[in-house]
Amino acid sequence: MRFISEFRRSELAEGLISQIHRKSRTPARFMEFCGGHTVTIFRYGIRQVLPSTIEMVSGPGCPICVTANADLDKAIALSQVPDVIITTFGDMLKVPGSRSSLQQVKADGAQVHTVYSTMDALKIAEDNPDKSVVFLGIGFETTAPTIAASILQAEEKGIRNYYVLSLHKLCPPVIQALLDSGEVKLDGLICPGHVSAIIGSHPWDFIARDYGIPCVVSGFEPLDILQCVDMLVAQVENGQSRVEIAYRRGVHPEGNQQALRLMEQVFEPSPAQWRGMGEVPDSGLKIREKYQRFDAELAFDIEPGPTREAVGCICGDILRGVKTPDDCKLFGKACVPENPIGPCMVSSEGSCSAYYLYGGSFGG
Amino acid sequence: MEDKILLAHGSGGKLAHELVEKSFVKALANPLLSRLDDSAVFDLSGRLAFTTDSYVVSPIFFPGGDIGKLAVCGTVNDLAMCGAKPLYLSLSFIIEEGLPQSGLEQIVNSVQKAAGEAGVEIITGDTKVVHKGSADKLFINTAGVGIIAEGIDISGSNARPGDKVILSGTIGDHGIAVISQREGLSFSTRLESDCAPLGDLVAEMLNASQNIHCLRDPTRGGLATSLNELAKQSGVSIRIEEEKIPVREEVLAACEMLGFDPLYVANEGKLVAIVPAEDADKFLKAMRRNRYGKNVAIIGEVGAEHPGRVVMKTVLGASRIVDMLVGDLLPRIC
Numbered sequence: 001m002r003f004i005s006e007f008r009r010s011e012l013a014e015g016l017i018s019q020i021h022r023k024s025r026t027p028a029r030f031m032e033f034c035g036g037h038t039v040t041i042f043r044y045g046i047r048q049v050l051p052s053t054i055e056m057v058s059g060p061g062c063p064i065c066v067t068a069n070a071d072l073d074k075a076i077a078l079s080q081v082p083d084v085i086i087t088t089f090g091d092m093l094k095v096p097g098s099r100s101s102l103q104q105v106k107a108d109g110a111q112v113h114t115v116y117s118t119m120d121a122l123k124i125a126e127d128n129p130d131k132s133v134v135f136l137g138i139g140f141e142t143t144a145p146t147i148a149a150s151i152l153q154a155e156e157k158g159i160r161n162y163y164v165l166s167l168h169k170l171c172p173p174v175i176q177a178l179l180d181s182g183e184v185k186l187d188g189l190i191c192p193g194h195v196s197a198i199i200g201s202h203p204w205d206f207i208a209r210d211y212g213i214p215c216v217v218s219g220f221e222p223l224d225i226l227q228c229v230d231m232l233v234a235q236v237e238n239g240q241s242r243v244e245i246a247y248r249r250g251v252h253p254e255g256n257q258q259a260l261r262l263m264e265q266v267f268e269p270s271p272a273q274w275r276g277m278g279e280v281p282d283s284g285l286k287i288r289e290k291y292q293r294f295d296a297e298l299a300f301d302i303e304p305g306p307t308r309e310a311v312g313c314i315c316g317d318i319l320r321g322v323k324t325p326d327d328c329k330l331f332g333k334a335c336v337p338e339n340p341i342g343p344c345m346v347s348s349e350g351s352c353s354a355y356y357l358y359g360g361s362f363g364g
Numbered sequence: 001m002e003d004k005i006l007l008a009h010g011s012g013g014k015l016a017h018e019l020v021e022k023s024f025v026k027a028l029a030n031p032l033l034s035r036l037d038d039s040a041v042f043d044l045s046g047r048l049a050f051t052t053d054s055y056v057v058s059p060i061f062f063p064g065g066d067i068g069k070l071a072v073c074g075t076v077n078d079l080a081m082c083g084a085k086p087l088y089l090s091l092s093f094i095i096e097e098g099l100p101q102s103g104l105e106q107i108v109n110s111v112q113k114a115a116g117e118a119g120v121e122i123i124t125g126d127t128k129v130v131h132k133g134s135a136d137k138l139f140i141n142t143a144g145v146g147i148i149a150e151g152i153d154i155s156g157s158n159a160r161p162g163d164k165v166i167l168s169g170t171i172g173d174h175g176i177a178v179i180s181q182r183e184g185l186s187f188s189t190r191l192e193s194d195c196a197p198l199g200d201l202v203a204e205m206l207n208a209s210q211n212i213h214c215l216r217d218p219t220r221g222g223l224a225t226s227l228n229e230l231a232k233q234s235g236v237s238i239r240i241e242e243e244k245i246p247v248r249e250e251v252l253a254a255c256e257m258l259g260f261d262p263l264y265v266a267n268e269g270k271l272v273a274i275v276p277a278e279d280a281d282k283f284l285k286a287m288r289r290n291r292y293g294k295n296v297a298i299i300g301e302v303g304a305e306h307p308g309r310v311v312m313k314t315v316l317g318a319s320r321i322v323d324m325l326v327g328d329l330l331p332r333i334c
């Protein structure tokens, strides 16, 4: 089976699009939680082909975007500690913190390495025994298991100079916080595909049950999203609310038990700071006491300084789905991908970046 | 012990002479180079094309090529994109001390092979060796000269509304081959760089018709960036269709994994041609006969509205803007 092109076939898309047009009668607002879905929606112009009854809003599912400035400042402060090598996924480099970015401190001589996996970071630690290697643990349930695995491997191999700054975020608690705020009214939720591949579809049950909102887990190809929208429309029209999976090739209702066990072994839930939403209880992951010596926050004495937010940036409102990039005075003028002011313009999965690159208002 | 390049190889003394004689002159021999004067001296008359480029690819060996082949092909292609017949190249090697001599020889051999295929001669060169850490193994700087036949006028500013946009083959092969080598990613099929000299392909196109408005090789920044350059230079819009753009399944898969868009991934053996609609079929036929044009396709056309903008019709029938690449391609986080 061709796993990519099969899910981009225009004749199949055409059929799904006309089916959605036929079915959809009731006005409905659907949120795609995940930044990866936002990108697919804009890259393929999905908003343009949906009927006028359906309104799509983008949610807070971009791990880089939701990382609070205070946490970014910690990472930047760590890069200034002598003999520390920061290892991170690439998107983090350009995100502006309160006063600087990792890209800027790198140009000034800080040791910041982009890696593709935690195993690369471990290798750097092994190759540089006289340095301290800190991995920036940013991401949702998708990345947390591999980072947990890296800590276990470091322990097993006796690597003593490897640390993780755990800034992980958990998705279900933040969706609950968003719904409880009452700011956004939703008629359907496109649940994240990769996150659900790890946690399964059951953690979304409470949304369908307690909030009466239809939920469908989606993949990332245009046909996945169309199928997901079609299933949401069917639930709306039939007055149902349940959790369904439109991404069977990636997601099992029970999730990935092995990955969940790794996460559970190394991390425990903790409160976390979200950009735009403040502190959300039990929405972060903290390294358990048993593995404390890998916790960069405990291992280094850093003073990140007071947190500052960029004046005029409305990334927080955009992440909550209450505003769109078009509502921002900076968007496309002072804030562009080559000179980003807010993180949603930096991350490849940020709403502002997707609007800007794919012409949100032009085609969307 | 393995022979390595030492600082002394770049000192201008005995070792340096030996290196030049043994590694370069012997492999690349031609009457102009072998004279070993301070300059290559030759006659040329007509309209000339002159270009320069530097090659810093990492790793220096990658599936489907190496930095030597890349340097020759890249320079030849820059000349060919102006409709010139590539003739002569210069090569300057900046070597980090410690590079194995065998690696250097292998690279010079691929220079020789690529130059042979492209029908060009390396007529002058230089070697410098720098301290460990001052370069990454090997950098190559080149210059190239070619000659443009009467009546040919190819420029990025010549696109006209109504013209067709032709792409010579699949996109993204080079960028993905290099990054998968660099990051140790492996796929079930081996993906190779498309690195190739396109002088012959262009010559065959010109034989079919001299009526080519623009040519560009979509290297760094990929197809999207080249099309944006052409749209801006010519003050026109370009509308392409996603479904018409050939991309290998393994490139699509790698792009999904890394969070890249194939439109922005580098190519080293592809060209984009903008030609009058009435001649498009002639070019398609001529290109299909060349080994580097087998997957040629018309991917779109030039319009007058929204000058400078590139718009793509997606597989869903919707439209979206295709902007230039901003910054580097970076891996995705989840």
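As they're listed, the protein sequences go chains Z and D. Once you know that position 235 of the first sequence is 235 in my numbering, the rest is easy, because the numbers rise by one and skip nothing. Once you know that position 249 of the second sequence is 249 in my numbering, the rest is easy, because the numbers rise by one and skip nothing. We put the CB at the ideal spot given by N, CA and C, even for glycine.
Those residues which DSSP pairs with residue i across a bridge
| i | result |
| --- | --- |
| Leu138 of chain D | D:Ile95 |
| Cys335 of chain Z | Z:Phe331 |
| Asp217 of chain D | Paired residue(s): none; Asp217 of chain D is not in a bridge. |
| Glu162 of chain Z | For the record, residue 162 of chain Z in the displayed sequence is Tyr; it is not Glu. Answer by DSSP bridge pairing, in chain order: Z:Val133. |
| Ile86 of chain Z | Z:Val112 and Z:Val134 |
Spatial distance of residue i from residue j (CA atoms)
| i | j | result |
| --- | --- | --- |
| Arg239 of chain D | Asn228 of chain D | 11 angstroms |
| Met257 of chain D | Ile123 of chain D | 43 angstroms |
| Gly175 of chain D | Lys333 of chain Z | 31 angstroms |
| Pro51 of chain Z | Glu6 of chain Z | 24 angstroms |
| Gln210 of chain D | Leu284 of chain D | 14 angstroms |
| Phe24 of chain D | Glu309 of chain Z | 58 angstroms |
| Ile76 of chain Z | Thr53 of chain Z | 45 angstroms |
| Val280 of chain Z | Asp127 of chain Z | 38 angstroms |
| Pro343 of chain Z | Lys282 of chain D | 49 angstroms |
| Asp261 of chain D | Gly61 of chain Z | 20 angstroms |
| Leu78 of chain Z | Ala154 of chain Z | 20 angstroms |
| Gln103 of chain Z | Lys69 of chain D | 33 angstroms |
| Phe139 of chain D | Pro31 of chain D | 26 angstroms |
| Phe220 of chain Z | Thr40 of chain Z | 6 angstroms |
| Ile60 of chain D | Met345 of chain Z | 34 angstroms |
| Val95 of chain Z | Pro129 of chain Z | 29 angstroms |
| Gly18 of chain Z | Val322 of chain Z | A small correction: the amino acid at residue 18 of chain Z is Ser; Gly does not occupy that position in the sequence shown. C-alpha separation (whole angstroms): 29 angstroms. |
| Leu99 of chain D | Pro63 of chain Z | 41 angstroms |
| Ala296 of chain Z | Ile151 of chain Z | 12 angstroms |
| Val236 of chain D | Ala304 of chain D | 5 angstroms |
| Ser24 of chain Z | Leu316 of chain D | 18 angstroms |
| Asp91 of chain Z | Asp301 of chain Z | 26 angstroms |
Range of the contiguous beta strand (DSSP E) that encloses residue i
| i | result |
| --- | --- |
| Ile314 of chain Z | No beta strand (DSSP E) holds Ile314 of chain Z; DSSP gives it neither H nor E. |
| Met324 of chain D | Neither: Met324 of chain D is in no beta strand (DSSP E) and is coded neither H nor E. |
| Lys69 of chain D | No beta strand (DSSP E) contains Lys69 of chain D, which is instead part of the alpha helix (DSSP H) from Ile67 to Ala80. |
| Ser237 of chain D | Ser237 to Glu241 |
| His168 of chain Z | First-last for His168 of chain Z: undefined, no H or E at that position. |
| Ile287 of chain Z | Gly278 to Ile287 |
Presumed contact (8 angstroms Cβ cut-off) between residue i and residue j, rounded CB distance
| i | j | result |
| --- | --- | --- |
| Ala27 of chain D | Asn109 of chain D | 6 angstroms |
| Ala286 of chain D | Ala208 of chain D | 4 angstroms |
| Gly10 of chain D | Lys132 of chain D | With a Cβ gap of about 13 angstroms, Gly10 of chain D and Lys132 of chain D do not count as contacting. |
| Cys328 of chain Z | Arg275 of chain Z | About 14 angstroms; that fails the 8 angstroms criterion. |
| Ala135 of chain D | Glu96 of chain D | 4 angstroms |
| Pro63 of chain D | Leu191 of chain D | 7 angstroms |
| Thr307 of chain Z | Ser166 of chain Z | The Cβ separation is near 19 angstroms, so there is no contact. |
| Asp187 of chain Z | Val134 of chain Z | In fact, because the Cβ distance is near 43 angstroms, the residues do not count as touching under 8 angstroms. |
| Gly246 of chain Z | Ser218 of chain Z | According to the sequence provided, residue 246 of chain Z is Ala. The question's Gly does not apply to it. About 5 angstroms; that satisfies the 8 angstroms criterion. |
Boundaries (first-last residue) of the alpha helix (DSSP H) holding residue i
| i | result |
| --- | --- |
| Thr118 of chain Z | Thr118 to Asp127 |
| Asp210 of chain Z | Asp205 to Tyr211 |
| Val202 of chain D | Gly199 to Ala208 |
| Phe42 of chain Z | Gly35 to Arg43 |
| Val233 of chain Z | Pro222 to Glu237 |
Proximity test, residue i beta-carbon vs the ligand FAD heavy atom, cut-off 7 angstroms
| i | result |
| --- | --- |
| Pro262 of chain D | Judged by which ligands are present, the structure shown has none, so any question about the ligand FAD falls away. |
- prompt: Touching or not, the stretch 152–170 of chain D and the stretch 245–261 of chain D, by the rule of three or more beta carbon pairs under 8 angstroms?
  reply: yes
- prompt: Touch check for the stretch 249–259 of chain Z and the stretch 282–296 of chain Z: three-plus C-beta pairs under 8 angstroms?
  reply: no
message: Tell me which residues of the stretch 292–320 of chain D have at least one Cβ-Cβ distance to chain C shorter than 7 angstroms, keeping chain order.
response: Among the protein chains of the structure shown, namely Z and D, there is no chain C.
message: Count Cβ pairs between the stretch 348–362 of chain Z and the stretch 72–85 of chain D that sit closer than 8 angstroms; are there 3 or more?
response: no
message: I want to know whether the stretch 148–162 of chain D touches the stretch 34–53 of chain D - three or more CB-CB distances under 8 angstroms.
response: yes
- prompt: When the Cβ atoms of the stretch 238–252 of chain Z are set against those of the stretch 204–218 of chain Z, are three or more pairs found closer than 8 angstroms?
  reply: yes
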